[in-house]
Amino acid sequence: MSKHHVTTTVNGDAVEFLADPRETLLDCLRDHVGLTGTKEGCGTGDCGACSVELDGTLVCSCLVLGVEANGKTVNTIEGMASGDALHPLQRKFIEHAALQCGFCTPGILVAAKALLDKNPDPTEEEVRYWLAGNLCRCTGYDKIIRAVMDAAAELREAA
Amino acid sequence: MNYHLATSFEEAARIAANAGGTTRFLAGGTDVLVQMRAGMVLPDDLIDLKAIPGTDAMTQLADGSWQIGVAVPGARLGANADLCRDWPGVVEGMELVGSTQVQGRATLTGNLCNGSPAADSVPGLVAAGATVVITGPEGSRELPVEEVPTGPGKTALNKGELISEIRLPARGDNAGDAYLRFTPRTEMDIAVVGCAVSLRLDGDKIVEARVSLGAVAPTVLLVAEAADAIIGTTLDDAALDALAAAASKAAKPISDKRGSAEYRIEIAGVLAKRAAKIAYGRAKGDNK
Ligand SMILES: Cc1cc2nc3c(=O)[nH]c(=O)nc-3n(C[C@H](O)[C@H](O)[C@H](O)COP(=O)(O)OP(=O)(O)OC[C@H]3O[C@@H](n4cnc5c(N)ncnc54)[C@H](O)[C@@H]3O)c2cc1C
Ligand code: FES
Ligand code: FES
Chain A
1 MSKHHVTTTV
11 NGDAVEFLAD
21 PRETLLDCLR
31 DHVGLTGTKE
41 GCGTGDCGAC
51 SVELDGTLVC
61 SCLVLGVEAN
71 GKTVNTIEGM
81 ASGDALHPLQ
91 RKFIEHAALQ
101 CGFCTPGILV
111 AAKALLDKNP
121 DPTEEEVRYW
131 LAGNLCRCTG
141 YDKIIRAVMD
151 AAAELREAA
Chain B
1001 MNYHLATSFE
1011 EAARIAANAG
1021 GTTRFLAGGT
1031 DVLVQMRAGM
1041 VLPDDLIDLK
1051 AIPGTDAMTQ
1061 LADGSWQIGV
1071 AVPGARLGAN
1081 ADLCRDWPGV
1091 VEGMELVGST
1101 QVQGRATLTG
1111 NLCNGSPAAD
1121 SVPGLVAAGA
1131 TVVITGPEGS
1141 RELPVEEVPT
1151 GPGKTALNKG
1161 ELISEIRLPA
1171 RGDNAGDAYL
1181 RFTPRTEMDI
1191 AVVGCAVSLR
1201 LDGDKIVEAR
1211 VSLGAVAPTV
1221 LLVAEAADAI
1231 IGTTLDDAAL
1241 DALAAAASKA
1251 AKPISDKRGS
1261 AEYRIEIAGV
1271 LAKRAAKIAY
1281 GRAKGDNK
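Going line by line, the protein sequences match chains A and B.
Under our numbering, read the first sequence as residues 1 to 159, first letter to last.
Under our numbering, read the second sequence as residues 1001 to 1288, first letter to last.
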């Protein structure tokens, strides 16, 4: 089984790795690039814990092969804070206690940021539909939605 | 598994024709990767189509018809205002597929070729009269969408053949389409029944119609009797009842955990009525 040489940009840095063609982008990020913030919940596209942006599009990294990322740009949860300064979404998740075990959180933050980049003033309904592919077994979702709405409001004021 | 990044349809067809074992094409991968993960399908050769020029394009030709590339994901169909105006039913079918994340990858062609009887974008394509262009070792041919799936997980494509383009006819005036599915959950669920209707009016009277049902037979169905029930009418109550009866009669579903056969037969008629009303409204200029 020959491995493929993959060159990508991850959170702004040039990254290279060798991928077995059967490995997903999620496997490659965690096992070859050492970025373990992106989580595997289901491995089949149902839970959203593995959400990343690929060339600016929100995707499940468990449904993308590592080799498909060649020449592309990947943004993960590790790229969200600027140094020690948390992104407003991250801060609001803490303030609103929008996480318990935290396993779903990286995926939800990446997905929510993709929404706010596109639509800075979403309705609650739009947030709920956008995040329908992100499952959380702990919070019951309400706190997550409130945190996203609050972060959106803060980002609009800052803009 | 050998991963191939094809740069033309001819090359992809050649690789597939010469492959010995299990072969899959890779568009969005939202079926292929799930099946690999489950161990259901472990391809020996996986042929990625996304580097072929033009596969990410949506083009409206001078005659008003559309060419949709085989790698265009659902999210991009929904972002194309002209396509949404012409074929809202086709777009809404595709947009029901999966989550935001899945929409970033999943394609019409993958949905069609995966061969699920419940594939959400297929009834809309069938009602629209869409066709596919197929490239193979022997050249290319065109097939109506309803002739592509031949059973669950099966298609009319021969070894070495693949779809190189989806074609939607020009919408023309006084026309509308719609797709509705019934699911227990509003998001992230598989259709118990799906129904698409496309029609054209002359004044208040329906002069053309196509009705398609999903998830009620081994393949998505084109139901001529259901279309005949509304052609020549103004979609009055009698026509709606005849439509529902024809749709229910055409439904030959199985019973499973999502719904019994009796229930699906009933719902097929209900959805046909509702989808026809929406399509009729759109033909009259409603924006919803
Ligand atoms: C979480 C989740 C939710 C989903 N929800 C829905 C839903 O609500 N409704 C629904 O209908 N589906 C759903 N799906 C299934 C799937 O997303 C769709 O069927 C999707 O449209 C498949 O497109 P794709 O581009 O990802 O296909 P791929 O996985 O790339 O390919 C699917 C099949 O088509 C073949 N193929 C691809 N391109 C070609 C071509 N050009 N020529 C010939 N064969 C080709 C492949 O060989 C493969 O067999 C869901 C999937 C997931 C993971
Ligand atoms: S791990 Fe990718 S969606 Fe669950
Ligand atoms: S906080 Fe535990 S799954 Fe969401």
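Every residue gets a Cβ at the ideal spot worked out from N, C-alpha and C, and that includes glycine.
Straight-line Cα distance separating residue j from residue i
| i | j | result |
| --- | --- | --- |
| A/H87 | A/M80 | 6 Å |
| A/T36 | A/G133 | 20 Å |
| B/P1123 | B/A1196 | 5 Å |
| A/T8 | B/S1140 | 36 Å |
| B/Q962 | B/G1115 | With chain B running from 1001 to 1288 in the structure shown, residue 962 of chain B is simply not present. |
| B/L1162 | B/S1008 | 11 Å |
| A/D55 | A/T73 | 5 Å |
| B/V1216 | A/I94 | 47 Å |
| B/K1050 | B/F1025 | 10 Å |
| A/C136 | A/T24 | 22 Å |
| A/G48 | A/L63 | 10 Å |
| A/C60 | B/A1275 | 32 Å |
| B/F1177 | A/S2 | Looking at the sequence itself, residue 1177 of chain B is Asp, so the reference to Phe does not match. In a straight line, the C-alpha of B/D1177 is about 48 Å away from that of A/S2. |
| B/A1006 | B/A1019 | 14 Å |
| A/G107 | B/R1181 | 28 Å |
| B/V1145 | B/S1255 | 26 Å |
| B/A1250 | A/V67 | 45 Å |
| B/E1010 | B/A1016 | 10 Å |
| B/P1137 | B/D1044 | 20 Å |
| B/K1277 | B/L1235 | 8 Å |
| A/T76 | B/V1041 | 29 Å |
| B/S1260 | A/E157 | 52 Å |
| A/W130 | A/D27 | 25 Å |
| B/T1023 | B/L1157 | 13 Å |
| B/T1135 | B/S1065 | 20 Å |
| A/L116 | A/G45 | 22 Å |
Bridge partners - residue i, DSSP secondary structure assignment
| i | result |
| --- | --- |
| A/V33 | The partner list for A/V33 (beta bridge, DSSP) is empty, contrary to what the question assumes. |
| B/C1195 | B/L1180 and B/L1213 |
| B/D1045 | B/N1002 and B/T1023 |
| B/Q1060 | B/W1066 |
| A/G107 | Note: A/G107 sits in no beta bridge, so no partner. |
| B/K974 | An answer regarding residue 974 of chain B cannot be provided, because it is not within the stretch 1001 to 1288 covered by chain B. |
| B/R1141 | B/I1134 |
| A/E53 | A/L58 and A/N75 |
| B/K1154 | B/G1151 |
| B/R1200 | B/A1175 and B/E1208 |
| B/G1074 | Answer is none; B/G1074 lacks a bridge partner. |
| A/L65 | A/T24 |
| A/A85 | A/S82 |
First through last residue of the beta strand (DSSP E) which encompasses residue i
| i | result |
| --- | --- |
| A/C60 | T57 to C60 |
| B/I1298 | What the structure shows of chain B is the stretch from 1001 to 1288, and residue 1298 of chain B is not part of that stretch, so it cannot be assessed. |
| B/T1100 | Unbroken run through B/T1100 is the alpha helix (DSSP H), T1100 to Q1103; no beta strand (DSSP E). |
| B/P1123 | Segment V1122 to A1128 is the alpha helix (DSSP H) holding B/P1123; no beta strand (DSSP E) there. |
| A/D13 | D13 to A19 |
| B/E1165 | L1162 to L1168 |
| A/V10 | H4 to V10 |
Start and end residues, alpha helix (DSSP H) containing residue i
| i | result |
| --- | --- |
| A/P88 | P88 to E95 |
| A/R163 | The question about residue 163 of chain A has no answer, for chain A in this structure spans 1 to 159. |
| A/A156 | According to the sequence provided, residue 156 of chain A is Arg. The question's Ala does not apply to it. Note, A/R156: alpha helix (DSSP H), D142 to A158. |
| B/P1293 | Not covered by the structure: residue 1293 of chain B. The range shown for chain B is 1001 to 1288. |
| B/T1109 | L1108 to C1113 |
| B/V1223 | From DSSP, B/V1223 is part of no alpha helix (DSSP H); its letter is neither H nor E. |
| B/V1034 | V1032 to R1037 |
| B/R1282 | A1261 to A1283 |
| B/I1292 | With chain B running from 1001 to 1288 in the structure shown, residue 1292 of chain B is simply not present. |
Neighbour list for residue i in chain D, Cβ cutoff strictly below 9 Å
| i | result |
| --- | --- |
| B/G1029 | No chain D appears in the structure shown, which is made up of the protein chains A and B. |
Check: residue i C-beta below 7 Å from any heavy atom of ligand 5
| i | result |
| --- | --- |
| B/I1163 | Although ligand 5 was asked about, the structure shown includes only ligand 1, ligand 2 and ligand 3 as ligands. |
Output the residues surrounding ligand 3, defined as those with a CB atom closer than 5 Å to any ligand heavy atom, in chain order. A/L99, A/Q100, A/C101, A/F103, A/C104, A/C136, A/R137 and A/C138
Beta carbons nearer than 8 Å to chain A: which residues of the region 1072-1105 of chain B have them? P1073, A1075, G1098, S1099, T1100, Q1101, V1102, G1104 and R1105
Between the region 59-75 of chain A and chain B, which residues of the former have CB atoms less than 8 Å from a CB of the latter, in chain order? V59, C60, C62, L63, V64, L65, V67 and E68
Contacting positions in the region 1042-1057 of chain B - beta carbon closer than 8 Å to chain A: L1046, D1048 and K1050
Give me every residue whose Cβ sits closer than 6 Å to any heavy atom of ligand 2, in chain order. A/E40, A/G41, A/C42, A/G43, A/G45, A/D46, A/C47, A/G48, A/A49, A/C50, A/C60 and A/C62
Check each residue of the region 1185-1199 of chain B: if its Cβ is closer than 7 Å to any Cβ of chain A, include it; give the result in chain order. E1187 and M1188
At a CB distance below 8 Å, what residues from the region 19-31 of chain A approach chain B? Give them in sequence order. P21, R22 and T24
Quick one: which residues of the region 38-62 of chain A get their C-beta closer than 8 Å to a C-beta of chain B? List them in chain order. G43, T44, G45, D46, G48, S51, L54, T57, L58, V59, C60 and C62
By the 8 Å beta-carbon criterion, what residues does the region 122-133 of chain A contribute toward chain B? Y129, W130, L131, A132 and G133
What residues in the region 4-16 of chain A bring their beta carbon closer than 8 Å to a beta carbon of chain B? H4
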